[in-house]
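Per my numbering, residue 147 is the first one in the sequence shown, and the count goes up by one each step.
We put the CB at the ideal spot given by N, CA and C, even for glycine.
Structure first, then comments.
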Amino acid sequence: SSVFGANLAVRQSRLVLDPAGSPVGEDMTGLRDAGCRAWCAYLSVMIFFVFDVFCRLIGDDVTNDIQDTFGLNAVSVSTATGTTFFAAYAVAQMPAGILLDGMGPKYAMPAAMLLLAASLVVAGTAPNITVFVVGRALSGLACGFAWIGTVKVVRSCWGLTRSGDLLLGAVNAGGTGVGAFLAASPFGLLSDAFGWRGAFLAVAAVPLVLAPFAFMVISNGSHAAQNHDSEMQQSLLPSPTLLPQILSTPRIWCLVVFMAGFDAPFETFTGIWAAPFLKTACHWTASAATNAVSLLQLVTLASMLLATPVVTALRIVPRQCLVMAAVSVSGFIGFAQLVLSKQHCNPLPTTLALAAIGASQAGNVVGWIVASKDPLCQGAASAGYVAGTINAMVIFIDAMTPILFGLVLDFNWHGAVDAQGGRLYDLTAFSEAMTMFCFMLAAGCGSSIVLSCLVSKTN
Numbered sequence: 147s148s149v150f151g152a153n154l155a156v157r158q159s160r161l162v163l164d165p166a167g168s169p170v171g172e173d174m175t176g177l178r179d180a181g182c183r184a185w186c187a188y189l190s191v192m193i194f195f196v197f198d199v200f201c202r203l204i205g206d207d208v209t210n211d212i213q214d215t216f217g218l219n220a221v222s223v224s225t226a227t228g229t230t231f232f233a234a235y236a237v238a239q240m241p242a243g244i245l246l247d248g249m250g251p252k253y254a255m256p257a258a259m260l261l262l263a264a265s266l267v268v269a270g271t272a273p274n275i276t277v278f279v280v281g282r283a284l285s286g287l288a289c290g291f292a293w294i295g296t297v298k299v300v301r302s303c304w305g306l307t308r309s310g311d312l313l314l315g316a317v318n319a320g321g322t323g324v325g326a327f328l329a330a331s332p333f334g335l336l337s338d339a340f341g342w343r344g345a346f347l348a349v350a351a352v353p354l355v356l357a358p359f360a361f362m363v364i365s366n367g368s369h370a371a372q373n374h375d376s377e378m379q380q381s382l383l384p385s386p387t388l389l390p391q392i393l394s395t396p397r398i399w400c401l402v403v404f405m406a407g408f409d410a411p412f413e414t415f416t417g418i419w420a421a422p423f424l425k426t427a428c429h430w431t432a433s434a435a436t437n438a439v440s441l442l443q444l445v446t447l448a449s450m451l452l453a454t455p456v457v458t459a460l461r462i463v464p465r466q467c468l469v470m471a472a473v474s475v476s477g478f479i480g481f482a483q484l485v486l487s488k489q490h491c492n493p494l495p496t497t498l499a500l501a502a503i504g505a506s507q508a509g510n511v512v513g514w515i516v517a518s519k520d521p522l523c524q525g526a527a528s529a530g531y532v533a534g535t536i537n538a539m540v541i542f543i544d545a546m547t548p549i550l551f552g553l554v555l556d557f558n559w560h561g562a563v564d565a566q567g568g569r570l571y572d573l574t575a576f577s578e579a580m581t582m583f584c585f586m587l588a589a590g591c592g593s594s595i596v597l598s599c600l601v602s603k604t605n
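Spelled out as structure tokens, the structure:
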């Protein structure tokens, strides 16, 4: 969900419409004229967004290796791999918007890609945990440009049209699923072959090669469009009363509780602790654990792709809110099954539980469709600012959850260590920690039901 805070760019993007309703740009003039360069630009930002999701979840398969390398406990490794990235991602949002406006995506996006490549090299060659944390923070800053740049490029090519909406939706659903899958089996195989350091260095080649390609195909738009930006800058500033309105609206808080309720557990579990849970607590082989996490990510992709047409067909927001409740229940059932596995971690129930957790990510699509229809958005006028505010609060919870999860694990640690001296956590420790996820998903389910009632009352 963190990518959606960058919807601020919808209001800030350089977009000028000709009388026919197509955006005016350098040679990106809408769907009817979108040629090879426009599609190449779309491909470049889509790959960058896939890599954004990949970098968020990259730590899961190598959590134990990083613990052994630097001698970390659960809190430290959660902070180093998860919280650091999300905190930097959140900090990057507004500066990224300013740089994309000032430099334009033609320069800002390749610069972010190069920063991401450098950050992976820093993390992969880190001699100590401090340097590794710096690398993860730089990755978060770089990835903070991914969704904003995607929005700006797509809107430049296809404008505020249904085609543009569908293309952005395709990036969100497909990019999230593909990025999550690549962070599981493929990255696991890479780390098995070259070690976690070699794997980090290998993947750094992707943004390094992508940067010059993006520079060649992304356009900043016409001079007329840039002048139009200056004229419209005042109107793009949000009303000073909008933020207090947002923070005092119960609907917004219901959305925040729902989105954080399914997203924070998913990011913490799949991004850091899924593989260690299966390998050390359930005693699965490394390949079996990696395959199970890959299945989870494939279910995530399928659920997000299916969610868009289903939710769109429902049309009425209260009904869509009930879909939000259903996906929360799916995640709750998945984690509840894992919580109940205190003594035995049988393969079939555990695999089904992981699939249920993956299906809960349909909430990513549903929640933001509902959020975009909130009356505070005033159509499209304030949609970016409202989405950015919601996302800032969700990111904060995303960043804090790994720390809390690690604290519970360390509290329930019984002294077991591996051959390298790294801490090993048993099923009981993981069960206690994942109980927190169940409470978060239950709160998300309840908030979506309350939201359905609030929207019905408003209507």
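- Just measuring C-alpha positions, the residue of Tyr235, Phe423, Ala357, Phe408 sitting nearest Arg569 is Phe423.
- For Arg569, the three-state secondary structure derived from DSSP is strand.
- DSSP places Gly228 outside any alpha helix (DSSP H), giving it a letter other than H or E.
- Between Asn437 and Gly321, the alpha-carbon positions lie close to 20 Å from each other.
- The C-beta distance from Ile364 to Ala589 rounds to 41 Å, too long to fall under 8 Å, and the pair is not in contact.
- Taking Cys400 as the centre and dropping the five residues before and after it, the same chain places the C-beta of Ser593, Val596, Leu597 closer than 6 Å to its C-beta, in chain order.
- Straight-line measurement puts the Cα of Ser285 at about 18 Å from the Cα of Met546.
- Excluding the 5 residues flanking it on each side, Ile515 has same chain C-beta neighbours closer than 7 Å at Val457, Gln466, in chain order.
- In this structure, the alpha-carbon of Val473 lies about 7 Å from that of Gln507.
- Cα atoms of Thr271 and Ser394: separation of roughly 46 Å, rounded to the nearest angstrom.
- Rounded to the nearest whole angstrom, the C-alpha separation of Ala238 and Ala257 is 14 Å.
- Beta-carbon to beta-carbon, Val511 and Ala448 are separated by about 12 Å, too far to satisfy the 8 Å threshold.
- It is roughly 14 Å from the alpha-carbon of Met259 to the alpha-carbon of Met362.
- The Cβ atoms of Pro332 and Leu587 lie no closer than 9 Å to each other.
- Secondary structure in the segment 407 to 448: no beta strand (DSSP E) run of 3 residues or longer lies completely within the stretch.
- Glu413 sits close to Asp544, with the two beta carbons spaced by under 9 Å.
- Excluding five sequence positions before and after Gly480, the CB atoms of its chain that fall closer than 6 Å to its own CB belong to Ala499, Ala502, Ile503, given in chain order.
- The alpha-carbon separation between Met192 and His560 amounts to approximately 45 Å.
- At the C-beta level, Val540 and Val402 come within 9 Å of one another.
- With contacts defined as CB atoms closer than 9 Å, Thr225 and Val279 qualify as a contacting pair.
- Residue pairing by DSSP places Val563 opposite Arg569 in a beta bridge.
- Ala326 and Arg282 have their C-alpha atoms spaced approximately 17 Å apart.
- By a beta-carbon distance limit of 8 Å, Ala254 contacts Leu246. Their separation comes to about 5 Å.
- In terms of Cβ geometry, Asp211 and Trp342 form a close pair [threshold 9 Å].
- Note on Leu336: 16 or more other CB atoms within 10 angstroms of its CB, so buried under the neighbour-count rule.
- Ser474: member of the alpha helix (DSSP H) spanning 463 to 485, first to last residue.
- Per DSSP, the unbroken alpha helix (DSSP H) holding Val363 starts and ends at 351 to 363.
- Short of 8 Å from the beta carbon of Gly323, and not among the five residues preceding or following it, lie these beta carbons of its own chain, in chain order: Gln443, Leu444, Thr446, Leu447, Ala448, Met450, Leu451.
- Judged by beta-carbon spacing, Cys584 lies within the 9 Å limit of Val485, meaning their Cβ atoms are closer than that value.
- Counting only runs that start and end inside the segment 199 to 268, the alpha helix (DSSP H) elements of at least 4 residues fall at 209 to 216, 220 to 224, 230 to 249.
- Rounded to the nearest angstrom, the Cβ distance from Ala579 to Phe551 is 5 Å, consistent with a contact under 8 Å.
- The alpha carbon of Val463 has as its nearest neighbour, out of Lys425, Gly477, Pro495, Asp520, the alpha carbon of Asp520.
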